[in-house]
Amino acid sequence: MRRRTRRRAAVVAAALAALALGATAEGCLWPREEHAPGRFCAQANTSTLAHCVDASEGPGTAWSKAEDDGELPIQMWALPPFSVSDVFVASEAELRGWFDNLDRAVAYVRDEEKHAESLRATLHGELLGLLLTHRRHQKEILDEEPVRAADNFTRALIDKATAEEEPLAAALAADKQAMAGVQAVFDEARSDAAPLVSRYAAVAARFADYRATEAAETAAYAAHSAEASRSDIKGLDGVEEAVLAAAREASRAPNELAAEIMTLSAELRALAVSFEEAIAPHKEVLATHGAVVPDMTSGALRSLGAMLGYAQRRVTRSDATATALLGGIALRRQAFRVLQGDEGAREASARSRIERASGRFREGVRARAAVLSAAPPVSEKLGLPLLAERYGQLLVLVQMRPLCEAAGSSWREAGCAELRERFDAAEAELRTDLPRKIAAGLSALRERVMAAAALDAAQARLDAGDVKGAAMAYDAAVRGAEGT
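Each residue of the sequence shown is one higher than the one before, counting from 6 in our numbering.
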């Protein structure tokens with residue numbers, strides 16, 4: 006009995022020595038030892054299997070095995086190199102080595118992986134259970150002795166828990182602050198997008214109104230065709246003018262809508278780029294919480310692209326219909342002239358009408374030529390040319406070429422004579438000069454560090470051969486750069 010008492014006294018003395026060393030170390034409660042004996046263990050939240058490795062392999066190896074086996078959070082702990090028995094408190098080196106491994110496991114989760122939920126799981130999981138188990142066992146031993154060494158052990162555990170809870174609170178506070186930063190980015194993006202949302206709704210409503218006019222536009226062309234079929238040579242001039250007016254109106258509305266669509270699309274792309282730049286530093290935080298970065302613009306951009314495609318296809322159909330009707334009217338006029346023969350009065354009347362029509366046509370030609378002779382307008386601040394309107398003027402001139410080459414264009418001859426020398430130049434400007442000017446203007450805007458999204462959209466249309474769309478997108482980019 007006396008031998009047993011002496012043995013327990015030695016055990017208590019060794020435990021007090023170990024605890025005294027642990028309570029005075031700087032930075033943590035126990036001085037670190039390289040490759041202390043024992044094992045590191047880790048277990049994923051969704052796994053029932055713990056992965057343990059020798060302490061010499063380090064806590065990172067156990068973490069990697071657990072990460073391959075399941076999902077975060079992952080808890081870690083260190084197994085002591087001894088069993089729960091009286092002998093462990095008698096070995097200062099083994100007790101110190103175990104606490105050193107506990108520190109290494111916690112530090113790895115906190116400082117290397119930097120995952121707050123895993124740190125919480127580590128401090129409240131198997132690690133805490135091991136400490137409590139050994140604390141209870143030592144208390145049972147020390148309660149039998151007159152010395153209250155259990156108080157020292159309890160105080161050491163409390164100090165250690167306090168030292169580890171502070172980084173956990175800091176990590177959770179930092180995580181909360183990071184999510185507040187993410188929310189601030191979202192709030193700013195919503196604020197920037199609000200006016201664009203209302204403008205998109207207005208464009209969509211305007212497009213719906215425009216689309217609803219397709220049946221009426223088709224019916225109007227059909228009515229002009231029927232009227233031309235019933236008209237005599239006197240009435241054909243009026244029908245021809247009505248067809249031309251209908252074609253101009255059919256192009257005006259979609260051109261205005263297309264310009265609005267392109268401007269809004271450029272601003273949406275710029276918003277997407279700025280949001281992507283603002284949210285980039287927070288993507289890791291979002292991934293940690295399983296959040297997905299929202300796509301704020303692609304749906305609206307696809308919708309706007311579909312609207313623009315419809316408008317362009319409808320204008321193409323309208324132009325083709327008007328051209329066909331004008332060709333038919335010219336043939337009908339020619340047929341009437343053959344049937345009328347050389348009746349004097351009718352010829353005089355016809356000549357009078359022709360002279361009036363020829364005079365009006367020639368005046369229009371001269372006005373158009375004067376506009377084309379002038380340089381394109383330039384923007385107020387950057388001094389860059391605005392080319393969308395120039396494209397429309399050139400296109401109208403080129404589309405008049407068949408009228409001046411048709412067999413029945415004699416009444417237009419005075420005006421056509423002034424236009425013929427301009428047709429080739431207009432076609433060349435449409436094919437080469439205008440695309441070159443657009444490309445030069447885009448390069449100038451890039452040098453001014455303008456948002457690349459709007460410029461890339463204009464360049465894509467230019468590369469695809471859509472000079473009209475490129476000119477409109479380029480003009481919208483110029484005005485956007487000037488804030489107009």
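Where is the CB? At the ideal position from N, CA and C, for every residue including glycine. Given the structure is predicted, the values throughout are model-derived calculations rather than measurements.
Residue i (DSSP reduced to helix, strand or coil)
i       : result
Pro-286 : helix
His-229 : helix
Ala-482 : helix
His-139 : helix
Lys-239 : helix
Asp-197 : helix
Lys-144 : helix
Lys-442 : helix
Lys-70  : helix
Phe-366 : helix
Arg-453 : coil
Leu-77  : coil
Ser-203 : helix
Lys-473 : helix
Met-312 : helix
Ser-279 : helix
Thr-321 : helix
Phe-87  : coil
Met-267 : helix
Gly-130 : coil
Thr-223 : helix
Gly-488 : coil
Exposure label - residue i; buried when at least 16 CB within 10 Å
i       : result
Lys-239 : exposed
Gly-488 : exposed
Thr-268 : buried
Val-248 : buried
Arg-11  : Interpretation of Arg-11 is limited by its pLDDT of 41, a score under 50 that renders its predicted location unreliable; the figure taken from the coordinates is listed afterwards. So Arg-11 counts as exposed.
Ala-227 : exposed
Val-244 : buried
Ala-1   : The displayed coordinates of the chain run from 6 to 489. Any statement about residue 1 would go beyond what the structure contains.
Ala-67  : buried
Glu-434 : buried
Pro-407 : exposed
Leu-124 : buried
Thr-437 : exposed
Paired residues, beta bridge with residue i - DSSP
i       : result
Trp-82  : Cys-46
Pro-390 : Val-383
Val-58  : Phe-45
Closest residue to residue i among the options (Cα-Cα distance)
i       : options                            : result
Ala-419 : Glu-434, Met-477, Ala-362          : Ala-362
Asp-242 : Arg-216, Leu-128, Leu-424, Arg-337 : Arg-337
Glu-265 : Ser-303, Leu-201, Ser-323          : Leu-201
Arg-417 : Leu-439, Arg-365, Glu-394          : Arg-365
Gly-485 : Tyr-205, Arg-140, Leu-273, Ala-112 : Leu-273
Ala-209 : Gly-102, Ala-478, Ser-270          : Ser-270
Ala-502 : Asn-260, Leu-435, Ala-305          : Missing from the structure shown is residue 502; the chain here goes from 6 to 489 and no further.
Ala-476 : Glu-432, Ala-433, Ala-456, Ala-393 : Ala-393
Thr-51  : Arg-109, Leu-447, Pro-78, Phe-428  : Pro-78
Gly-397 : Leu-408, Pro-407, Glu-410, Val-376 : Val-376
Ala-262 : Tyr-215, Glu-281, Ala-277, Leu-276 : The question names Ala, but residue 262 in the sequence shown is Leu. Nearest option by C-alpha distance: Tyr-215.
Glu-62  : Ala-110, Phe-87, Leu-100, Glu-99   : Ala-110
Ala-277 : Val-114, Gly-304, Glu-118          : Gly-304
Ser-128 : Pro-42, Leu-408, Ala-112           : Note that residue 128 is Leu in the sequence shown here, rather than Ser. Among Pro-42, Leu-408, Ala-112, the Cα nearest to that of Leu-128 belongs to Ala-112.
Ala-213 : Asp-461, Ala-126, Leu-313          : Leu-313
Gly-474 : Pro-440, Arg-140, Ala-445, Ala-456 : Pro-440
Notebook entry, point to check: Does the stretch 218-238 come close enough to the stretch 268-288 that 3 or more CB-CB pairs lie under 8 Å?
Noted result: no
Note to self: Below 8 Å, how does it come out for the stretch 364-382 and the stretch 448-456: are there three or more Cβ pairs, yes or no?
What the structure shows: no
Notebook entry, point to check: Do three or more CB pairs link the stretch 319-332 to the stretch 384-391 at distances below 8 Å?
Noted result: no
Margin query: Any contact between the stretch 251-260 and the stretch 463-470? By contact I mean 3 or more CB pairs, one from each, below 8 Å.
Written below: no
Check: Taking three-plus beta-carbon pairs below 8 Å as touching, is the stretch 75-86 in contact with the stretch 121-137?
Finding: yes
Check: Three or more beta-carbon pairs under 8 Å between the stretch 47-57 and the stretch 68-79, yes or no?
Finding: yes
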